[in-house]
Amino acid sequence: MRLSGVGRRYGYGPRGRWVLRDVDLELADGGALVRVEGGNGSGKSTLLRLIAGVDVPTAGTVTGRPATAYVPERFPAELPFTASGYLTRIGRIHGLSGREASRRARHWLARFDVAGHADTPLDRLSKGTCQKVAVAQALLAEPALLVLDEAWTGLDASARRLLDETVLERVAAGGTAVFVDHSPRRAATEATAVYQVAGGRVTALPAPDGGPVATVVRIVAEGDGEPPADLAPHVRGGAREIRLTVPEADCDQALRTLLSADPPWHVRSVTPVAPGDDR
Ligand SMILES: Nc1ncnc2c1ncn2[C@@H]1O[C@H](COP(=O)(O)OP(=O)(O)OP(=O)(O)O)[C@@H](O)[C@H]1O
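Numbering of the sequence shown is given in the working numbering, commencing with residue 157 and proceeding in unit increments.
This is the structure in structure tokens:
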């Protein structure tokens, strides 16, 4: 699949703003795991929507997109379906028979340990369960291209592991996965290609070397207030920019604390570090 000279502008006339420009990008067939990174509001979700085909470029072309499934950053939970009804419909849209779609819906709800919510309307599910449905609708189709926009966010630890393993399995089976994720999970460290979105441009970065999975992460955040008190023992740095080094298991909680502080902190980066590296 190829993006050639792709640009996306939101709005028209003098107020229209190009979020992405001149993006040339080739996604290899046959087992690619592609990580997209960049600062807040840089255009990562815009790029993923264009790759997934749920948005169209203002300029340029996208060609050769295979059968694709997409997990959006925000799942539309207000849809008038139960969890299993929704998954079955998505399966039908992907071309499965009704019986097979229903079987896979039940299968994925069970794998995510939420079979008991099969008949619950989407708008009555907890956020975590809803996110499992959002992920299941993409996995059940077994697409050639899987596009995941922060799909791990909001999942519990075992669901995150299941998603990690499923993504790696699909890539091993020759599929392509493109994802944005702020935490350094296995899928992130095993990426075969990494692209950075900044200043409206998309550039290739060196792929990770496939080293051991990090167990400690460094978070860099910017903000105006005092660092949150419960993170104080982990905080280095000064006034507007702080660095925290935390175990990976505590990373999501630390991010939640930073993002829900008043005023909130802007997370600039989350990167794996070798244990003991305390810069
Ligand atoms: N539908 C839209 N209409 C107008 N502006 C939009 C729309 N979608 C995104 N934008 C703007 O485009 C820019 C890039 O947004 P996008 O969501 O792609 O960035 P992002 O890198 O995914 O951000 P984040 O890390 O915060 O999720 C932002 O300034 C955003 O406000």
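For every residue, glycine included, the Cβ atom is placed at its ideal position computed from N, Cα and C.
Quick one: what does DSSP say Val270 is sitting in, helix, strand or coil?
Here Val270 sits in coil by DSSP.
Are the beta-carbon atoms of Ser198 and Val353 separated by less than 7 angstroms?
Closer than 7 angstroms, so yes.
Comparing C-alpha positions only, which one of Val291, Leu318 and Ala349 sits nearest to Ile246?
Cα-wise, what sits closest to Ile246 is Val291.
Taking DSSP's pairing of strands, which residues face Val334 in a bridge?
BP columns for Val334 point to Val190 and Val303.
Quick one: what does DSSP say Gly197 is sitting in, helix, strand or coil?
Coil, per DSSP.
Across the stretch 225–235 and the stretch 377–394, are there enough close Cβ pairs to call them in contact, namely three or more that are closer than 8 angstroms?
Cβ pair count under 8 angstroms is below three, so no.
When a residue counts only if its C-beta is closer than 5 angstroms to some heavy atom of ligand 1, which residues count, in chain order?
Chain-ordered list of matching residues: Tyr166, Val175, Asn196, Gly197, Ser198, Gly199, Lys200, Ser201 and Thr202.
Which of the three DSSP states, helix, strand or coil, is assigned to Ala184?
Ala184 falls in the coil class under three-state DSSP.
Under the three-state reduction of DSSP, which class applies to Ala297: helix, strand or coil?
If DSSP states are grouped into helix, strand and coil, Ala297 belongs with coil.
What number of angstroms, rounded off, separates the C-alpha of Gly172 from the C-alpha of Ala215?
When rounded, the distance between both Cα atoms is 14 angstroms.
So, with DSSP's three-state summary, where would you put Trp174?
Of the three classes helix, strand and coil, the one that applies to Trp174 here is strand, per DSSP.
For Ser425, which residues from the same chain have a beta carbon less than 6 angstroms from its beta carbon, with the 5 sequence-adjacent residues on both sides left out?
Closer than 6 angstroms at the Cβ level, and outside the excluded window around Ser425, lie Val376.
Take Ala328 as the anchor and find which of Leu411, Ala315, Phe231 and Glu298 has the nearest alpha-carbon.
Considering only alpha carbons, the answer is Glu298.
What did DSSP end up calling Val327 once you bin it into helix, strand or coil?
Of the three classes helix, strand and coil, the one that applies to Val327 here is helix, per DSSP.
Alpha carbon to alpha carbon, how far is Met157 from Ser339? Give it in angstroms, no decimals.
If I take the Cα positions, the gap works out to 27 angstroms.
Let me know the beta strand (DSSP E) ranges lying completely inside the stretch 389–426, each 3 residues or longer, listed in chain order.
Runs found: 391–393 and 397–403.
Mind checking which residues open and close the alpha helix (DSSP H) that includes Thr244?
Where Thr244 is concerned, the enclosing alpha helix (DSSP H) stretches over Ala239 to Ile249.
On a Cα-Cα basis, can you pick out the residue from Leu304, Trp421, Ser201 and Asp269 that is closest to Ala395?
Here the closest residue by C-alpha is Trp421.
Using three-state DSSP, classify Val373 as helix, strand or coil.
The answer is strand: DSSP assigns Val373 an E or B state.
Among the residues of its own chain, which have a CB less than 7 angstroms from the CB of Glu182, if the five just before and after it don't count?
Contacts found: Arg158.
Check for me: the beta strand (DSSP E) holding Val350 runs from which residue to which?
Ala349 to Ala354 is the span of the beta strand (DSSP E), which, as asked, contains Val350.
Which residues share a DSSP beta bridge with Thr224?
DSSP lists Leu301 as partners of Thr224.
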